[in-house]
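If you want this note's numbering, it's the position in the sequence shown, counting the first as 1, plus 101.
One structure is given here, and the rest of the page talks about it.
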Amino acid sequence: MAMRIAFLGFGEAARAFHDSLAPKLDDVEFRAYDLLLNDAEKAGEMQAAMTSRGVQAEASPAGLADADWIFSAVTADQSLIAAQSIAPHLGQGALLIDINSVSPGRKRETAALVNETGADYLDMAVMAPVHPKGHATPVLIAGRSAAELLERFRGLGFSADIAGEAVGSATAIKMVRSVFVKGLEAITVEALLAAEASGCFEEILASLSQSFPGLDWSKFPDYQFERTTRHGRRRAAEMRESGVTLDALGLNGGLAREIAAVQDEMAASGVKPAGDLRETVARVLSARRQGK
């Protein structure tokens, strides 16, 4: 019998996982459901993304429930809602693999919901951009079945390691790390935007390049602007979950929420970096000012 793999949410991460995982399996059936299938303006593109990959589009989450593996890959604010939509249809033998960037508390809440149905739950944290490696991107896994699944995953090309047996152990590492990674992005873009606005862009860039040569300033700032303008919405959602994580630890979750605000503003600028850093900074600055 063919292995059945399903995706609850079929955005960038799910597509990347599918595209690299499919060649690893000789006998597999893929299916997916995404909320955008119900959006009149965006359903066509989503349907095409599934059809072109040989992925069967389902009319509702219920159509995914009898799959062997179900990857939940939605936006952070939809992770629990997505689990609630499929939970009534799950049963013994199903495995929901939650790759969403959410707080440990959210994953524990989701795990309890899934486990009540007799299905199993795995906390998976994707620790780097999904391109170009797809499912071979380094991941951490946690949960009662993590040890049992590790060799199966590795055999299929996953670069997986166990973070712990307790659900939340994997995502905790990602949430804390993201404060630094997304925070560094926010600090970089805000500093360079302020430099441009102050008329001292070249001086600031030269000073930072001298003080932090290991960051390779010929490439580093361009990458920060590309990531924040292109993926700012998703990164902002992740940072709000990092804020929840820090709050639960008795630390400053407000810091993560301020980083989220910068990420949101960068995405809202609508600027697509064109390869010239100074031009990109000027365009983003103009857009950000107009948006105030």
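Think of the CB as a built atom: it goes at the ideal place given N, C-alpha and C, for glycine as much as any other residue.
Remember, it's a predicted structure, so these values are computed and weren't measured experimentally.
The beta carbon of A133 lies closer than 6 angstroms to those of F108, F111, M151, V156 in the same chain, with the five residues before and after it left out. Excluding its 5 nearest sequence neighbours in each direction, E113 has C-beta neighbours in its own chain below 7 angstroms: V231, listed in chain order. When DSSP states are grouped into helix, strand and coil, L196 belongs to the strand group. In this structure, DSSP gives V268 a state outside helix and strand, which the three-state scheme calls coil.
Annotation for L122: H236 place their beta carbon closer than 6 angstroms to its own, counting only its chain and skipping 5 residues before and after. The DSSP-derived three-state label of E339 is helix. Inter-segment contact for the stretch 176–187 and the stretch 323–331 is absent: fewer than three beta-carbon pairs are separated by less than 8 angstroms. Leaving aside the five residues that flank L257 on each side, the residues in its chain whose CB is nearer than 8 angstroms to its CB run, in chain order, L122, K125, L126, H236. DSSP, reduced to helix, strand and coil, places F254 within a helical segment of the structure shown. Between T289 and P322, the CB-CB gap stays under 8 angstroms.
Short of 7 angstroms from the beta carbon of R116, and not among the five residues preceding or following it, lie these beta carbons of its own chain, in chain order: A150. In summary, G244 is buried, with 16 or more beta-carbon neighbours lying within 10 Å of its beta-carbon over all protein chains present. In this structure, A166 and I198 do not form a Cβ contact; the two beta carbons are roughly 14 angstroms apart against a cut-off of 8 angstroms. Ranked by Cα distance from L386, the options V268, D224, S299 are led by S299. For R384, there is no enclosing beta strand (DSSP E); the enclosing alpha helix (DSSP H) has its first and last residue at 378–392. Between the stretch 259–267 and the stretch 302–321 there are fewer than three inter-stretch CB-CB distances shorter than 8 angstroms, so the stretches are not counted as touching. Residue pairing from DSSP leaves F118 without any beta-bridge partner.
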